[in-house]
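Participant:
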Amino acid sequence: MVAMVKRLSQYISSLFFKIFLAFWVILILTVGTALLIMQLSINTDHPLPDWARQELQRNAFMLHYGPPSDFPFLPPGFHNLLQPHSSTPSLILVSHTGEIVNATNMGRNRREIIRFILSNDKQKDPKLRILGTQRVVFGPQKVQLNGSSYLLYINRKISPEQMDALSHFQMRPETLIGMLVVFSLIACIMLAWHIAAPLKKLRNAANQIAMGDLSVKLPDIHRRDEVGQLAESLSQMSTTLSNAITNQQRLLSDISHELRSPLTRLNMAVALSNKRYGATKELQRIEREAERLEEMIRALLGLSRMQLDESKLEQQNLNELLEELTNDCQFEASQVGKTFILSNQGPEVIYCFPEALLSAVENLCRNAIKYASQTIELTIHHNARQLMFSVIDDGPGIPEDELKEIFRPFYRASEARDRDSGGVGLGLAIADWAVRQHGGRIEAKNRATQTGLSVTIYLPHRAR
Numbered sequence: 001m002v003a004m005v006k007r008l009s010q011y012i013s014s015l016f017f018k019i020f021l022a023f024w025v026i027l028i029l030t031v032g033t034a035l036l037i038m039q040l041s042i043n044t045d046h047p048l049p050d051w052a053r054q055e056l057q058r059n060a061f062m063l064h065y066g067p068p069s070d071f072p073f074l075p076p077g078f079h080n081l082l083q084p085h086s087s088t089p090s091l092i093l094v095s096h097t098g099e100i101v102n103a104t105n106m107g108r109n110r111r112e113i114i115r116f117i118l119s120n121d122k123q124k125d126p127k128l129r130i131l132g133t134q135r136v137v138f139g140p141q142k143v144q145l146n147g148s149s150y151l152l153y154i155n156r157k158i159s160p161e162q163m164d165a166l167s168h169f170q171m172r173p174e175t176l177i178g179m180l181v182v183f184s185l186i187a188c189i190m191l192a193w194h195i196a197a198p199l200k201k202l203r204n205a206a207n208q209i210a211m212g213d214l215s216v217k218l219p220d221i222h223r224r225d226e227v228g229q230l231a232e233s234l235s236q237m238s239t240t241l242s243n244a245i246t247n248q249q250r251l252l253s254d255i256s257h258e259l260r261s262p263l264t265r266l267n268m269a270v271a272l273s274n275k276r277y278g279a280t281k282e283l284q285r286i287e288r289e290a291e292r293l294e295e296m297i298r299a300l301l302g303l304s305r306m307q308l309d310e311s312k313l314e315q316q317n318l319n320e321l322l323e324e325l326t327n328d329c330q331f332e333a334s335q336v337g338k339t340f341i342l343s344n345q346g347p348e349v350i351y352c353f354p355e356a357l358l359s360a361v362e363n364l365c366r367n368a369i370k371y372a373s374q375t376i377e378l379t380i381h382h383n384a385r386q387l388m389f390s391v392i393d394d395g396p397g398i399p400e401d402e403l404k405e406i407f408r409p410f411y412r413a414s415e416a417r418d419r420d421s422g423g424v425g426l427g428l429a430i431a432d433w434a435v436r437q438h439g440g441r442i443e444a445k446n447r448a449t450q451t452g453l454s455v456t457i458y459l460p461h462r463a464r
């Protein structure tokens, strides 16, 4: 029994049930409101206007002083008034016993007129009811005929002007439609907001997680439906991912530190062997591999340090930030007979993580110097949305199917750009991580008109 109650409670709290119930409630209320307004509009009795009151009194006076005791001897003009289907107003008389004397004088609206008479028999408070687009019934008015009391009602057509004057008493079709549209619109907006608002918050948080910001705090959504369950699952996923990546980064850092000790001892042993036995081919090979291993560990430590870095954005002068790097790259390029060109059309001041941004640009520039044939160009430009750093070389380029893979750690590009040319396959991975730390992206593509590779960093304009 408890399990059934729990399952029923979960079902009632579910998003499916809320949507299903909301649509049914909206549908029922819309139809019910329409029927109610139409019924009230049709059957509502309105206060008697002056022209109708005067017409009642005038006809009551004529009946009282005009005809003799029996209706067959009515004076000229009154016979037509008491006959049905007349173009003139039809007079309806009701005796003190409630009997309608001339019940045939009601035309097509007989039932509606009878209901009006039964609900309006107080002469002190006469009313008017609209029967159609051009016909009304109104009354009563007390009249004395041959010593007996009757109630007089009038069923007649009215002019368009009179109908317009009465229209403010009646619910127009366009008003009814407008009310229904407004009601359904409000209900649908509330339902859509109830569903979409928390999903939008979750989407924004998920986008930040996708950008690599695992420190983002997911919104508190205290709901028992599927949206609340989704928020809870996303929160658990974010925490698990954050812990796993942090542990991985710390493990990588610890391993890199631990590898340095035996590597240092290895280098010392190689140096002693060279001193004692001379520089043999085997020792030279060991020395080269040790240097490569040292470079790899240094890169791993740099990557792990960047990943664990919790520094904040800083305001930096772009020219000053790149000055030392530019001088170093120009010097290194000149040493191998190449030319390094800087074209800076960026803003004067930017907000960034200085160490991470410098590391990214430096790795791209050194990578380009390594593979370029003659010229390396660093261009910086910006627009209203983002800042762009492009490093372009005239080297051999990369196969199209590997352009996205080169940013993975230790990835070895085939053919012309592989690890045999130097490096350990971490430079572009470090650049990619640094760019994602800024909330940006990095993209590589081969030059369209000539050989070479163009790698561009896109950073959003950020404020402190």
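Going by full-length UniProt numbering, the residue at position 294 of the sequence shown is 294; the numbering climbs one at a time, nothing skipped.
Don't be surprised by glycine CBs; every beta carbon is placed ideally from N, CA and C.
Output the boundary residues of the beta strand (DSSP E) element that contains residue 140.
Facilitator: Within the sequence shown, residue 140 is the residue found at index 140, counting from 1. Per DSSP, residue 140 belongs to the beta strand (DSSP E) from 135–145.
Participant: Tell me whether residue 27 is buried or exposed, calling it buried when 16 or more other Cβ atoms sit within 10 Å of its Cβ.
Facilitator: Position 27 of the sequence shown holds residue 27. Exposed, by the Cβ-count rule.
Participant: Which stretch, first to last residue, makes up the beta strand (DSSP E) that contains residue 460?
Facilitator: Taking the first residue of the sequence shown as position 1, residue 460 is located at position 460. Residue 460 -> beta strand (DSSP E) spans 453–460.
Participant: So residue 161 is in the alpha helix (DSSP H); what residue range does that whole segment cover?
Facilitator: If you number the sequence shown from 1, residue 161 lands on position 161. It spans 160–166 - the alpha helix (DSSP H) in which residue 161 sits, taken as one unbroken run.
Participant: Since residue 363 and residue 406 should fall inside the 8 Å C-beta cutoff, what is the C-beta to C-beta distance between them, to a whole number of angstroms?
Facilitator: As a position in the sequence shown, residue 363 is number 363, starting the count at 1. As a position in the sequence shown, residue 406 is number 406, starting the count at 1. Between residue 406 and residue 363 the Cβ distance is about 12 Å, and since that is not below 8 Å, they are no contact.
Participant: How many angstroms separate the CA atom of residue 396 from the CA atom of residue 377?
Facilitator: On the sequence shown, position 396 is the one that residue 396 refers to. On the sequence shown, position 377 is the one that residue 377 refers to. Computed Cα separation, rounded: 15 Å.
Participant: Could you tell me if residue 24 is buried or exposed, where buried requires 16 or more neighbouring beta carbons within 10 angstroms of its beta carbon?
Facilitator: Locating residue 24 in the sequence shown gives position 24, where the first residue counts as 1. Flag for residue 24 reads exposed.
Participant: Take residue 403 and list the residues in its own chain whose beta-carbon comes closer than 7 Å to its own, dropping the five residues that flank it on each side.
Facilitator: As a position in the sequence shown, residue 403 is number 403, starting the count at 1. Closer than 7 Å at the Cβ level, and outside the excluded window around residue 403, lie 444, 445.
Participant: Mapping the DSSP letters down to three states, classify residue 293 as helix, strand or coil.
Facilitator: For this step, residue 293 is matched to residue 293 along the sequence shown. Looking at residue 293 - three-state DSSP - the assignment turns out to be helix.
Participant: Residue 393 bridges to which residues according to DSSP?
Facilitator: Taking the sequence shown and counting its residues from 1, one reaches residue 393 at position 393. The partner list for residue 393 (beta bridge, DSSP) reads 376.
Participant: I'd like to know whether the C-beta atoms of residue 155 and residue 90 end up nearer to each other than 7 Å.
Facilitator: One-based indexing of the sequence shown puts residue 155 at position 155. One-based indexing of the sequence shown puts residue 90 at position 90. Their beta carbons are under 7 Å apart, which means residue 155 touches residue 90 by this criterion.
Participant: Which first and last residues belong to the beta strand (DSSP E) in which residue 446 is found?
Facilitator: Along the sequence shown, read from residue 1 onward, the residue named residue 446 stands at position 446. Run containing residue 446: 441–446, per the beta strand (DSSP E) assignment.
Participant: In the DSSP assignment, the alpha helix (DSSP H) including residue 54 goes from what residue to what residue?
Facilitator: Stepping through the sequence shown from its first residue, residue 54 is reached at position 54. First-last of the alpha helix (DSSP H) with residue 54: 50–65.
Participant: Residues in its own chain within less than 7 Å of residue 52 by CB, not counting five upstream and five downstream?
Facilitator: Indexing the sequence shown from 1 puts residue 52 at position 52. Taken in chain order, the residues that qualify are 128, 138.
Participant: In this structure, does DSSP put residue 232 in helix, strand or coil?
Facilitator: Counting from 1 along the sequence shown, the entry for residue 232 is found at position 232. Helix, per DSSP.
Participant: Per the contact definition of three or more C-beta pairs closer than 8 Å, is the segment 111–130 in contact with the segment 173–193?
Facilitator: Cβ pair count under 8 Å is below three, so no.
Participant: Using a Cβ-Cβ cut-off of 7 Å (strictly less than) and excluding sequence neighbours within five positions of residue 16, which residues of its own chain qualify?
Facilitator: Reading the sequence shown from its first residue, position 16 is the one you call residue 16. Closer than 7 Å at the Cβ level, and outside the excluded window around residue 16, lies no residue.
Participant: With DSSP run on the structure shown, which of helix, strand or coil describes residue 411?
Facilitator: Translated into positions along the sequence shown, residue 411 becomes position 411. In this structure, residue 411 counts as coil in the three-state DSSP scheme.
Participant: Can you list, in chain order, the residues of its chain whose CB lies under 7 Å from that of residue 372, leaving out five sequence neighbours each side?
Facilitator: As a first step, residue 372 is located in the sequence shown; it is residue number 372 there, counting from the start. Excluding positions up to five away in sequence, the list reads 338, 393, 394, 395.
Participant: Find the nearest neighbour of residue 116 within the set 386, 301, 441, 45, judged by alpha-carbon distance.
Facilitator: Walking along the sequence shown from the start, residue 116 turns up at place 116. It is 45.
Participant: Measure the alpha-carbon distance for residue 68 versus residue 143 and round it to whole angstroms.
Facilitator: Your numbering for residue 68 matches position 68 in the sequence shown. Your numbering for residue 143 matches position 143 in the sequence shown. Any answer about residue 68 is weak, because its pLDDT of 46 lies below 50 and its placement is not dependable; what the coordinates show is given next. So the two alpha carbons sit approximately 13 Å from each other.
Participant: Considering just the uninterrupted stretch of the alpha helix (DSSP H) at residue 100, what are its terminal residues?
Facilitator: The residue labelled residue 100 in the question sits at position 100 within the sequence shown. From DSSP, residue 100 is part of no alpha helix (DSSP H); its letter is neither H nor E.
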